[in-house]
Amino acid sequence: MCYIRASMSNVLQKQHEEHQTARQIMDNLEEMFGEQTIQAKTDAIKGLMNCRQKVGTPIKEHMMKEKQFSYL
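Residue numbers (the UniProt record's numbering): 1 to 72.
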């Protein structure tokens, strides 16, 4: 639990002071940020599915464009 708190910003640490277990902290973080995660995954999948290499462009350029979706 100390590792979780140590990796949080000061604001999040203060919000989670009353939580006694790592599970409580993780559940609360999921509540707070879960929707953002779902939207990011949806955007990444949509981007990958719609990504097409344009005729005449180098494969490297296309792969770099696809790679950006793995960071979402």
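Built from N, CA and C at the ideal position, the CB exists for glycine as well. Remember, it's a predicted structure, so these values are computed and weren't measured experimentally.
Asked	Found
For the region 41 to 48 and the region 14 to 22, state whether three or more C-beta atom pairs, one from each stretch, are separated by less than 8 Å.	no
Going by DSSP in three states, Val-55 sits in which element: helix, strand or coil?	coil
Provide the residue span of the alpha helix (DSSP H) that contains Thr-21, from first to last.	Counting along the chain, Thr-21 falls outside any alpha helix (DSSP H), and DSSP gives it neither H nor E.
Determine the closest residue to Met-32 out of Leu-12, Phe-69, Met-49, Thr-21, with distance taken between C-alpha atoms.	Leu-12
Does the beta-carbon distance from Ile-59 to Ile-25 come in below 9 Å?	no
Can you look up Met-64 in the DSSP assignment and give me helix, strand or coil?	helix
May I ask you to report which of helix, strand or coil DSSP gives Met-8?	coil
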